[in-house]
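**Q**
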Amino acid sequence: MGTTDVRLPRGVTIRRHRNETTINITFTYKGVKCREPLSHLTVNARNIRYAERLLGEIYNHIGRGTFSYADYFPKSSKLRLFGKTGNACQVKHYLSEYLAICQTRNLSPSTIRGYKKCMDALRDLHEVRAAELTPALLKNWIKAQTTVLKTIRNQLSFLRSALDEAVIDGVIPVNPVTLVKASRYRSQRPEESRYVVDPLSPDEVSALLHAAGNQQWENLFRFAINTGLRSSELCALSWKDIDAEKRQASVRNASVVGIIKTTKTRAGRRKVDLNGDALAALASQKMFTFEKGEFVFEDPKTGQPWASADAIRKKAWVPTIKKAGIRYRNPYQTRHTFATRHISQGANLFWLASQMGHKGPEMLFRHYGAYLEEYDGHTVKRVLRLADNPSKGAA
1018 MGTTDVRLPR
1028 GVTIRRHRNE
1038 TTINITFTYK
1048 GVKCREPLSH
1058 LTVNARNIRY
1068 AERLLGEIYN
1078 HIGRGTFSYA
1088 DYFPKSSKLR
1098 LFGKTGNACQ
1108 VKHYLSEYLA
1118 ICQTRNLSPS
1128 TIRGYKKCMD
1138 ALRDLHEVRA
1148 AELTPALLKN
1158 WIKAQTTVLK
1168 TIRNQLSFLR
1178 SALDEAVIDG
1188 VIPVNPVTLV
1198 KASRYRSQRP
1208 EESRYVVDPL
1218 SPDEVSALLH
1228 AAGNQQWENL
1238 FRFAINTGLR
1248 SSELCALSWK
1258 DIDAEKRQAS
1268 VRNASVVGII
1278 KTTKTRAGRR
1288 KVDLNGDALA
1298 ALASQKMFTF
1308 EKGEFVFEDP
1318 KTGQPWASAD
1328 AIRKKAWVPT
1338 IKKAGIRYRN
1348 PYQTRHTFAT
1358 RHISQGANLF
1368 WLASQMGHKG
1378 PEMLFRHYGA
1388 YLEEYDGHTV
1398 KRVLRLADNP
1408 SKGAA
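Under this note's numbering, the letters of the sequence shown match residues 1018 to 1412, in that order.
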C-alpha cells in the first residue's frame, strides 16, 4: 500500500525531500506552532498511526503541564526557545545552575561559599532526577541528617530556590521542598533542646561595644541589643524599612545563607520600636551605607551586605568577644539581652512578644520564666489574667 493511500490524521504530514520522505508532526506549545520530523521512521501506515499516538501523548503532557521538549526532541532547533532541560535532568543540574546564577549576580564570596557548602551537604540527592524528587524522598533525607535543625532548614532553603528553576522549565509542576516541613520529621538534637538563655549584663554590653573597634560592628551590635532582631533579620534590614519619624523599623525579611526571604511566621513580620540607642546606631551607620540605597548593615571588609548570621558571628562577633574578655556565647544572646532587660523593667509582655515576633507571651514564659519570677513575682499571674481578658492589657 503506497503512502498516498493512507489518510493522514490531523497534525501528521508527509514531507518529501530530494533523497527521502519523512513523517512530520505539528502541534502548538506555549503559543508557538512547532513542526518536528520523525526522521527515524519509515513512511508507512503503521508508523503514521504511531505518529498520531505520539501527537496525542504530547498534547496530553502539555495539558497536564508535564511536557518537556528536550525529552521528545533532544536535537531540535526549538530548544533555543524552550530550553535544553528535560525530565532526565538531575537535582545536581539545578543546584549547579542556581549556583551559577548567584555567581553572575556578583554575590559576596562568603555567600557563594555558603551555597557551595549547602550543595555539598545535599550530595545524597544529586543523582535523583528532578522530576522524581518526591516529598517522601525529602522526608527520608531529613531523617538521615545528623546536623542541627537550623542547618537542615538552610540547606532545604537553597534546594528550594534551585528547584524553582525546574518549575520554570516545566520539568516539575510543583516544587516538592515547599510541601515538606523539616521540624515535622526531624526532632531537635539533645544539645539543641538544652540551649541556655545567657544574656549579657550591662557591664558586658559596655565592654562589647567598647571593644568592637570597627564602627560598623559597634553600630550593628548596639542596634541588635536595643531591638532584639535576629542576626538573619539584621542582614536583610534595608533603609526603606526605617521610619525615623515614627521611630520604627519594619521587619519583613531574613537572610538565610544569602537568600533573602520573608520571615518564617506572620508574627515575624512586625514593626519594632526604636529607642534612642537604636536611633543613634542608625545615625552612625548612615554614613557607611545610606548612599548605597539598600541594606543598612554591611561587612566593612568587603563593602557588601552581610551574607548570613554565621558570617556576622565569625567575622565580627567572635573577635569582639575575645577582645572584650567576655565569656563566649553566640550572637543570638543579644536578642535574649533585649528581652530580659525589658522584663526587668516591667514591660508589658504582650508588647514585648510583638516586638520579638512572637504570636503571644507564651514563648516568653518558655524561655524567660526564671527571669519573670526574679524580676516581678506577680508578672506571671498578671499576664495570665490578661490572657483571659486581653482588652485590659493594652499598652
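We put the beta carbon where it would ideally sit given N, CA and C, even for glycine.
(1) Return the chain-ordered ranges of every alpha helix (DSSP H) run that is complete within the segment 1232–1296 and spans a minimum of 4 residues.
(2) Beta-carbon within less than 6 Å of I1259's beta-carbon, same chain only, minus the 5 sequence neighbours each way: which residues are those?
(3) Select from A1179, S1371 and A1295 the residue whose C-alpha is nearest the C-alpha of Y1115.
(4) Please say whether N1347 and R1358 have beta carbons closer to each other than 8 Å?
(5) Inspect the beta-carbon positions of T1039 and K1050 and report whether they are closer than 8 Å.
(6) Would you call P1322 buried or exposed, if buried means 16 or more other Cβ atoms sit within 10 Å of its Cβ?
(7) Decide yes or no for the touch test of the segment 1151–1158 against the segment 1108–1128: beta carbon pairs closer than 8 Å, at least 3 of them.
(8) Answer with buried or exposed for Q1232, where buried requires no fewer than 16 other C-beta atoms within 10 angstroms of its C-beta.
(9) Near I1277, which residues of its chain fall below 6 Å by C-beta distance, leaving aside the five closest residues on each side in sequence?
(10) Could you spell out the range, first to last residue, of the beta strand (DSSP E) harbouring L1098?
(11) Name the residue from C1106, I1118, T1128 and S1174 whose alpha carbon lies nearest to the alpha carbon of L1139.
(12) DSSP state of F1355, grouped into three classes?
(13) Within 10 angstroms of its Cβ, does E1235 collect 16 or more other Cβ (buried), or is it exposed?
(14) Drop a sphere of 10 angstroms on the beta-carbon of M1304, count the other beta-carbons inside from all chains shown, and report buried for 16 or more, exposed for fewer.
(15) When you compare the CB of C1135 with every CB in chain B, is at least one pair closer than 8 Å?
(16) Taking 8 Å as the threshold (C-beta atoms), are A1147 and Y1111 in contact?
(17) Going by DSSP, what residues sit across from C1051 in a beta bridge?
(18) Who are the near neighbours of A1333 in its chain, counting only those whose CB is closer than 6 Å to its CB and skipping five residues on each side?
(19) Tell me I1031's beta-bridge partners as DSSP assigns them.
**A** Short version:
(1) The qualifying runs are 1232–1244 and 1248–1253.
(2) Contacts found: A1266.
(3) Just measuring C-alpha positions, the residue of A1179, S1371 and A1295 sitting nearest Y1115 is A1179.
(4) In terms of Cβ geometry, R1358 and N1347 do not form a close pair [threshold 8 Å].
(5) Their beta carbons are not under 8 Å apart, which means T1039 does not touch K1050 by this criterion.
(6) P1322 comes out buried.
(7) No: the two stretches stay apart, fewer than three of their Cβ pairs being nearer than 8 Å.
(8) Exposed.
(9) Around I1277, the same chain offers A1253 and N1270 as residues with beta carbons nearer than 6 Å, after the five sequence neighbours per side are excluded.
(10) For L1098, there is no enclosing beta strand (DSSP E); the residue is part of the alpha helix (DSSP H) that begins and ends at L1096 to F1099.
(11) Of the candidates C1106, I1118, T1128 and S1174, the one whose C-alpha sits nearest the C-alpha of L1139 is S1174.
(12) Helix at F1355.
(13) Result: buried.
(14) The residue in question, M1304, is exposed, as its Cβ has fewer than 16 Cβ neighbours within 10 Å.
(15) Among the chains in the structure shown there is no chain B, since it carries only a single protein chain.
(16) Yes.
(17) By DSSP's assignment, C1051 forms a beta bridge with F1044.
(18) Counting only Cβ-Cβ distances below 6 Å, and skipping sequence neighbours, we find W1234.
(19) DSSP lists I1040 as the bridge partner or partners of I1031.
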